[in-house]
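To keep things clear, I will list the structure first and then write my remarks on it.
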Amino acid sequence: MSNDVPRMPDPVENNSFIPTLDRQGAIWLYIDAITQAYLDFAGQTKGTLLEVAAGYGHIVIKALEAGAGKVFANEIDADQLAIIKSRTPAEYSDKLVCCLGQFPEHLEFSDASFDGIYNARLFHFFDGDRIRTSLTKFYRWLKPGGRVFLVNDAVYRTIFKPLIPVYEKQIAAADEWPGFIADVGACIPEYLHPETFPKTMNFMDPTVLTRELNRAGFKVVMAGFYPYTGNFAPGRLDGREIAAAIGLKE
Ligand SMILES: C[S@@+](CC[C@H](N)C(=O)[O-])C[C@H]1O[C@@H](n2cnc3c(N)ncnc32)[C@H](O)[C@@H]1O
């Protein structure tokens, strides 16, 4: 590894996650059902894939190992992108394309570039308009028959328990974005480093994901709450920790 590449932090909390360099949440070291579907898709299609907000490349490398023909890895953080490049085994280096840029504003590809797109734990930092712009780009960038795989936090986690009544009240009030919570840090205990959480989060749910995928033109193949199965106990609650979906461009 070149000396210029920053060091990836060690995993914390019983090997559960690795904090990001840019304090944009964490890279979670477990595989949920929709991520596994993406990795299976990589192996079946051997296609050209895009991962937006790829962290340290945990899933980028797994997709390459699963048989992806090519993986475009996007990150907003140049140091993390350098880590992705340096961590990718040499046998896959000609199949990796690193794309630095803030999505959705500063990332562009030609129409119908990809067989599959994977994006985990980014939309819950976005407001509704940015999510809509993102899905419009995903739709345009996919080939017909291509699939988008979306994984995000739901509010149903022990660490976010004080936010659940806020979310459920916003559902009852028929808010368009019921998971949008303006002051998350105020509810995070000190030992979990509230300063590393963003001030605002937009917790996803299957209803919102389905509505927005349809709005962008996708057929929804799967959408649901899924369990967090990792080691970090405060990340668990009742099996609805993840809100995830797969959209098909017909
Ligand atoms: C919570 S981490 C998730 C990383 C990885 N997808 C995962 O699920 O383990 C969010 C990542 O998104 C990146 N990020 C934040 N805003 C971004 C943007 N607008 N465009 C691209 N990447 C972004 C951060 O640098 C960080 O690595």
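Note that my numbering has the sequence shown beginning at 2, numbered continuously upward.
Positions of the beta carbon are idealized from the N, C-alpha and C atoms, including for glycine.
Residue i versus residue j - alpha carbon distance
i, j, result
"PRO163", "SER111", "43 Å"
"PRO166", "HIS125", "18 Å"
"GLU66", "VAL72", "11 Å"
"PRO90", "ILE84", "12 Å"
"GLY44", "GLY68", "5 Å"
"VAL222", "ILE182", "28 Å"
"TYR93", "ALA175", "47 Å"
"GLU178", "HIS59", "According to the sequence displayed, residue 178 carries Trp and not Glu. Roughly 30 Å separates the two Cα atoms."
"SER17", "ASP239", "18 Å"
"ARG212", "TYR157", "20 Å"
"TRP142", "ALA113", "5 Å"
"MET2", "THR201", "Its pLDDT being 43, under 50, MET2 is placed unreliably by the model, and the measurement read from it follows with that caveat. Each residue's alpha carbon lies about 36 Å from the other."
Cβ distance (whole Å) where residue i is taken to contact residue j below 8 Å
i, j, result
"LEU210", "ALA224", "5 Å"
"PHE115", "ALA54", "Contact flag wrong, Cβ pair sits at about 15 Å."
"LEU151", "ALA246", "5 Å"
"GLY70", "LYS86", "Not quite, the Cβ-Cβ distance comes to about 18 Å (not below 8 Å), so this is no contact."
For residue i, the nearest candidate out of the options (CA to CA)
i, options, result
"ARG216", "ALA155, MET9 and LYS138", "LYS138"
"GLN37", "VAL156, TYR119, GLY102 and LYS144", "TYR119"
"ALA34", "PRO235, PHE226 and GLU251", "PHE226"
"PRO199", "GLU251, LEU50, PHE42 and ASP128", "ASP128"
7 Å Cβ cutoff met for residue i and residue j
i, j, result
"VAL78", "LEU22", "Reading off the sequence shown, one finds Asp at residue 78, where the question assumed Val. Yes. Within cutoff."
"ILE75", "ASN232", "The sequence shown places Asn at residue 75, rather than the Ile named in the question. In this structure, ASN232 does not lie closer than 7 Å to ASN75 by Cβ."
"GLY26", "ARG122", "yes"
"PRO10", "ILE19", "yes"
"PRO207", "ALA244", "yes"
Within-7 Å CB hit, residue i to chain C
i, result
"PHE139", "Note that chain C does not occur in the displayed structure, where there is just one protein chain."
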